[in-house]
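These notes concern the structure reproduced below.
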Amino acid sequence: MNFIMLKHGNKYSSEYVNILAYRLRLTTPDIDSIVCYTENRDGIVDYLGIDVRPLPVLDQPLWGWWYKPWIVAHHEAGDNIFVDLDMLITGDMSVFVHIDPLFDATFLSNRDIRMNSSIISWNQPLTKPWEELMNHIDYHINRPQPWGDQEIFEICQSRGEFTWAYHADEYVGWLGRQDRQELPASRITEQNRVIVCKGPRNPHENLRNPFVKKYWSR
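Residue numbering for the sequence shown follows our numbering, starting at 8 and increasing by one per position.
Structure representation (structure tokens):
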């Protein structure tokens, strides 16, 4: 299994990369590699075995989530699992390997009609989302937020160029705005392997929450 992270700009510090890698090493025994794509490796520690790789140099620079389609298109074949940095890893992440041959990738379900790209799993490089972004880059990057990588994937799906399945809800907990207090959130269970931080997206700003205390550390 290859776990892939993206750190671009200053939204998340290098400590997010280090903590995620530490939690992966602690919980998931069959890891082949942990890769971080970034333009700035300062502060990323060596002892966790993180393979730090440069982001591409583009004629029209991108930022943040726009690099997700590039990663899906250019990372080598294998059991690849992309994970956002604002995650709390609570258990063995091998449950997120993409295994359904009828689909190109597996995403999170956002409990409504939309997918969520906080976790993306795939086996073979998938080029169509990146081609869509490059062919219509001015249109996509100038759309108002929250337009982003998820819309790129959805456009390709609507044209039959890209298909996905959903990861099982039981493995994913959600920490939202209403969970900012010290009490645990009712929608987080023992079955969860990962907690997605929505609401306060930055765990370092929500240290009073017991889940953040427990799982955002090394």
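Glycine residues also receive a C-beta, built at the ideal position from the N, C-alpha and C atoms.
What you are looking at is a predicted structure, and each value in this text was computed from that prediction instead of being measured.
Beta strand (DSSP E) runs wholly inside the stretch 146-181, at least 3 long, in chain order: Qualifying beta strand (DSSP E) stretches, in chain order: 171-173.
Local conformation of ILE78 per DSSP, three classes: As a first step, residue 78 must be located in the sequence shown, where it is residue number 71. If DSSP states are grouped into helix, strand and coil, ILE78 belongs with the helices.
Minimum Cβ-Cβ distance from THR34 to chain C less than 8 Å: Looking at the structure shown, chain C is missing, and only one protein chain is on hand.
Neighbour-count burial assignment, ALA112, 16 or more Cβ in a 10 Å radius: Here residue 112 refers to the residue found at position 105 when the sequence shown is read from its first residue. By the neighbour-count criterion, in which 16 or more other beta carbons inside 10 Å mark a residue as buried, ALA112 falls on the buried side.
Assumed close pair ILE51, SER21 - CB separation to whole angstroms, cut-off 8 Å: For the purposes of this step, residue 51 is taken as the residue at position 44 of the sequence shown. For the purposes of this step, residue 21 is taken as the residue at position 14 of the sequence shown. Going by Cβ atoms, the distance from ILE51 to SER21 rounds to 5 Å, so yes, they are a contact pair.
Any non-hydrogen atom of the ligand SAH closer than 7 Å to THR97 Cβ: Of the ligands one can find in the structure shown there are none, so the ligand SAH has no counterpart to examine.
Beta-carbon proximity check, ILE126 vs PHE110, cutoff 8 Å: Within the sequence shown, residue 126 is the residue found at index 119, counting from 1. Within the sequence shown, residue 110 is the residue found at index 103, counting from 1. Cβ distance not < 8 Å, so ILE126 and PHE110 don't count as in contact.
DSSP beta-bridge partners of VAL201: Taking the first residue of the sequence shown as 1, we reach residue 201 at position 194. DSSP lists ILE96 and VAL179 as the bridge partner or partners of VAL201.
CB of TRP223 within 8 Å of CB of ILE26, strictly: Counting from 1 along the sequence shown, the entry for residue 223 is found at position 216. Counting from 1 along the sequence shown, the entry for residue 26 is found at position 19. By the CB criterion at 8 Å, TRP223 and ILE26 fall inside the cutoff.
Segment contact, 8 Å Cβ cut-off, at least three pairs: the stretch 84-101 with the stretch 147-166: Cβ pair count under 8 Å is below three, so no.
Proximity winner among GLU177, GLU139, ILE148 and ARG30, relative to GLN164 (alpha-carbon distances): Reading the sequence shown from its first residue, position 157 is the one you call residue 164. The shortest Cα separation from GLN164 among GLU177, GLU139, ILE148 and ARG30 belongs to GLU139.
Reduced DSSP category for LEU190 - H, G, I as helix; E, B as strand; rest coil: On the sequence shown, position 183 is the one that residue 190 refers to. For LEU190, the pLDDT reaches just 44, beneath the cut-off of 50, and the residue's location in the model is therefore unreliable, leaving the point undetermined.
Any 3 or more C-beta pairs closer than 8 Å across the stretch 139-149 and the stretch 84-97: No contact exists between the stretch 139-149 and the stretch 84-97.
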